[in-house]
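Chains as they are written, first to last, in this note's numbering: chain A, 1 to 661; chain B, 1 to 225. Below is one structure, written out as structure tokens; comments come after it.
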Amino acid sequence: MLKSLIKTIWNHLRMNKTYAAINLGGLAIGIGCSLVIFKIIVYESSFDSYHHNYDNIYRLITEYQDPNEGIKYEEGQVPPVGEAIRNEFPGIDAVMTFYAAKGQISQISIENENGDIQSYQENKGLVCADPNIFKVFDFNFLAGNPSQAILNKGSVVISSSLAQKYFGLSEPEVGEAMNRLITINNTATLQVSGVISDPPMNTDLPFTIIANYNDQIIINPYYGGNTDWQAGHSYTNCYLLLHNDKSAASFENQLLAFYDKYHEKNNSQDRRYLLQPLSELHSGLCNNYNNRQVPTKNLLILGVIGLFLILIASINFINLSVVQATKRFKEIGIKKIFGESKAQSIVHFLIESVFIAYVAAFIGLFIARFLLIYLENIIGYRLNLDLFTNPGILIFLALLAAIIGLLSGLYPSMIIAGMSSNVALKSSLAVKNSSVPLSVRRILIIIQFSISIILIIGTLVMNRQLNYFMTKDLGFNKEAILLVTLPESNKDNLPLLKANLLKYPEIEMVSFGTRSPLADWRVSNIINHPSIEKDIYVANFKTADEDYLDLYKLRIIAGQNFSRVKNSGDVVVNRKMTKLLGFNNPQDAIGEKFEYSGIKLMIVGVVEDFHARSLQRSMENVIFGNFGGLINEMAVKINPVNLNQSGYQETIKKVQAGWDV
Amino acid sequence: MIKTEKLGKVFRTEEVETYALNGVDLHVKKGEFVAVMGPSGCGKSTLLNIIGLLDNPTEGDYIFNKTNVSKLKEKNRTNFRKGNIGFIFQSFNLIDELSVFDNVELPLLYLKMKASERRERVEAVLKRMKIGHRIKHFPQQLSGGQQQRVAIARAVVANPKLILADEPTGNLDSKNGIEVMNLLSELNQEGATIIMVTHSKRDAGFAHRTINMLDGKIIFENGNG
């Protein structure tokens, strides 16, 4: 019986290829896409959940009142905060502070047996952390003792991959890296005291070189020791491991008095500490070291889109199945005449639709697999289906296919099974008899079309938004500029590099600065001036050389560019800042002095306002000055007219060659 | 074998009542070949549906082999049909998605017969219908005459006591039509009871007697010698 049924299903699909392609293909694509979305949601929700203390780890963040933007949150802390909390609250399981510079390139030098130096550049993973890092977070030690590894200055823990890379070891030999020396940024030589497994993909703390907190000078030239309560930095983060019976909310209350005790300038009415659960590091307030967050809202939207897709595909499948079923009254009628019972009819129809849904799900798996490969370039990471290590997907798919199959089969099967055999036979000639299924189908089609329209409108809106982002005038020029992140090493040769690069006809200008005009990375501090309330307003300070304003075509509306001389105290500000200081006419602000983080500066020029942060945010107060330090980025302006056929790639090679010299 | 007494069938809608059959008394003996004739809408097919247990009468009694089957539920009618009644239709009504073999095997599947026995029976009946060489073909690959021979094979494969044929030659040319009628005659001579609805006097000529109907009633019947 079953053999006959499968034969019928197979032949039915074979003889109705268009129907089979649309129906199977539609559902398979729907299932494939939804599966990809499901995988992305699961992946994005899984960040750092592998730490066994996951539920009890919190990041210390600061809530404060911004005069322009209302309540804001800041992840950066002052260096001594961790130790102070440890001393004040002995009941806390563990407190740890680290300094990890996002996007900073570090140079690692290894001296081999022959005395030759081999250098490597690492653009990620270097952290200087309190030894408690291994108590709070899970790191799998392949060699070394977690409780001793970075107890003292001068020691460093590295990942298995780096141990292999630096010391030419094979994977089983990584333990041999122990006690060997690595020099970081030509500043300090550290001894390997531990080797850990490479961090998994789903962590926002993917550290591969872990040094002692007090060796911070290797990556933070401005580190003033562990006592400075003023030098807050977004790269300094503090994590707490609370005991199971300790509530975060009650501890936040205890931290109010703590804040007042250690921060003289700001009292806890304006600023206070909050505890952010580790589970919100990837989605919630404040950025993380990985510099990639996915808000829960976005995952929800993605989930809804996934549901919509599967809903459309299912409704389409059901509708086509019902239409197809009406063409099969004859077959059902004949089978009934020759002895098929009502129950058999229903079961046969259900088996058939569930079977087809399973075939579609199977094809969907392949679609998902290929989509995940293709999407790597877009989402930035490669996910695998992991069907056998993660049976959840298979169970999910099996249930999904069963539900879709049952829903699409149940409805026509009930109608057909309910018909007496001679009616079913006659209906094969007059399908219009089935007025009831048509009305339900109409409802299904309306739902399907409505969802499609919502998705189409969503796509159009998104397209317009993207178009807006791509074409919106940001107030500065961003075309034909190459940005090169500079490593944290000797900057004395930068003028020579600039001179060498300018010899190439296609390189029009070169400028060094902290970051481009619009950048996430920013240095913001308090500004003071007699015309504004004390210690309330902040400005974004951008260190730059004298070619910066010209390179980015930032329009000077009053005064002139700042001095070529470093640390002269001359600065250029934006129009918004002159307004804040009480000058409606920018010209009147020229020569005016103000304080930035305690340093006296003088306005020598004013530029028109531009977007220094996301378009969603309001304009900021911005200061440009030539201050030498914090030079992290080189901007190279290309003259496209002089480019040869190989275009930018050729120029990039030249920049690279210039750097290597 | 078949006896109907005052058999009636009324189709009711909200507005009208239509008598498709009205007091039909019919008696068919075992081994008889009966033709039913009459203009369209006279109730021939309705009578055949009731005799074939595809439908119940609204009035009267229907006795099949001494069992009153006029008030059987759908499920019981289905069970009763299995192996007892074979059907042949004007439009063949073969399942397009099944091969010749699978179509003919269909009635046996519901009799829970062993696969080997089914194969034996299907092959034998197809050979007899001179269509054994087309066993793996699909209905669309056959001519009309061949399709009807497959349909006859399907009707007789379970050795039913009664064969009902609804205009079996209606879609065939005269050569194929005569072939089909010869086949039915042979089956009848071998003991099958046949009731056939037809518009064709030629086909009726193959039967032992012809029943003529009008407006849901039998108006007269005549023997064919």
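Glycine included, each C-beta is placed from N, C-alpha and C at the ideal position. The structure presented is a predicted model; accordingly, all values stated were derived computationally and were not measured.
- Think of a sphere of 8 Å around the beta carbon of B/K75: the chain A residues whose beta carbon falls inside it are S341, K342, in chain order.
- Counting C-beta atoms within 10 angstroms of its own C-beta, A/V622 has 16 or more neighbours from the protein chains shown and is therefore classed as buried.
- Shown here for A/Y504: same chain residues with a beta carbon closer than 6 Å to its own, the five before and five after excluded, namely K654 in chain order.
- In summary, A/G91 is exposed, with fewer than 16 beta-carbon neighbours lying within 10 Å of its beta-carbon over all protein chains present.
- A buried status is given to B/D166, since no fewer than 16 other beta-carbon atoms sit within 10 Å of its beta-carbon.
- With a beta-carbon spacing of about 20 Å, A/S450 and A/S321 fall beyond the 8 Å limit used to define contacts.
- For B/F206, not one C-beta of chain A is nearer than 9 Å to its own C-beta.
- In the structure shown, the three-state DSSP call for A/F207 is coil.
- Between A/L466 and A/L406, the gap from beta carbon to beta carbon reaches 9 Å or more.
- Chain A has a Cβ within less than 9 Å of the Cβ of B/G83.
- Cβ contact annotation for A/H233 (same chain, cutoff 6 Å, sequence separation greater than five): G76, in chain order.
- In the three-state DSSP reduction, A/G658 falls in the helix class (H, G or I).
- Cβ neighbours of A/S452 within its own chain (closer than 7 Å, five residues either side excluded): I312.
- In this structure, DSSP gives A/H611 a state outside helix and strand, which the three-state scheme calls coil.
- The shortest C-alpha to C-alpha distance from B/D173 to any of B/Q147, B/V157, B/T78 is the one to B/Q147.
- With respect to chain B, the C-beta atom of A/G333 has a partner C-beta closer than 9 Å.
- The three-state secondary structure of A/I631, taken from DSSP, is coil.
- Chain-order list of chain B residues neighbouring A/F338: L106, P107, Y110, by C-beta distance under 7 Å.
- Residue burial annotation: A/H282 is buried, with at least 16 other C-beta atoms found within 10 angstroms of its C-beta.
- If the five residues before and after B/H199 are omitted, its C-beta is found closer than 8 Å to the C-beta atoms of M37, E167, G170, all from its own chain and listed in chain order.
- For A/K7, a Cβ of chain B is located within less than 9 Å of the residue's own Cβ.
- Out of A/N585, A/K542, A/K566, the CA that lies nearest to the CA of A/G559 is found in A/N585.
- Contact between A/N528 and A/D535 holds: CB atoms are separated by about 7 Å, below the 8 Å threshold.
- It is roughly 23 Å from the alpha-carbon of A/Q448 to the alpha-carbon of A/F355.
- When Cβ-Cβ separations below 9 Å define contact, A/H12 makes contact with chain B.
- Shortest Cα-Cα distance from B/D61 to any of B/L162, B/P39, B/F87, B/N22 involves B/N22.
- In chain order, I219, Y235 place their CB closer than 6 Å to the CB of A/A101, counting only its own chain and leaving out the 5 sequence neighbours on each side.
- Put simply, the region 625 to 643 of chain A touches the region 538 to 547 of chain A. At least three CB pairs are less than 8 Å apart.
- Within 7 Å of the CB of A/S4, the CB atoms of chain B belong to D102, L109, in sequence order along the chain.
- For the pair of segments examined, the region 329 to 347 of chain A was found not to touch the region 458 to 465 of chain A: the number of CB pairs separated by less than 8 Å stays below three.
- Just so you know, the alpha carbons of A/L549 and A/T514 end up roughly 13 Å apart.
- Taking 8 Å as the upper bound for CB-CB distance, A/G364 and A/A28 are in contact here, some 4 Å apart.
- Around the C-beta of B/R121, 16 or more other C-beta atoms lie within 10 Å, and the residue is accordingly described as buried.
- The beta-carbon separation of A/I603 and A/A589, rounded to 5 Å, stays under the 8 Å limit for a contact.
- The C-beta of B/G43 comes no closer than 9 Å to any C-beta of chain A.
- Judged by DSSP secondary structure, A/V195 falls within the beta strand (DSSP E) whose first and last residues are 188 to 196.
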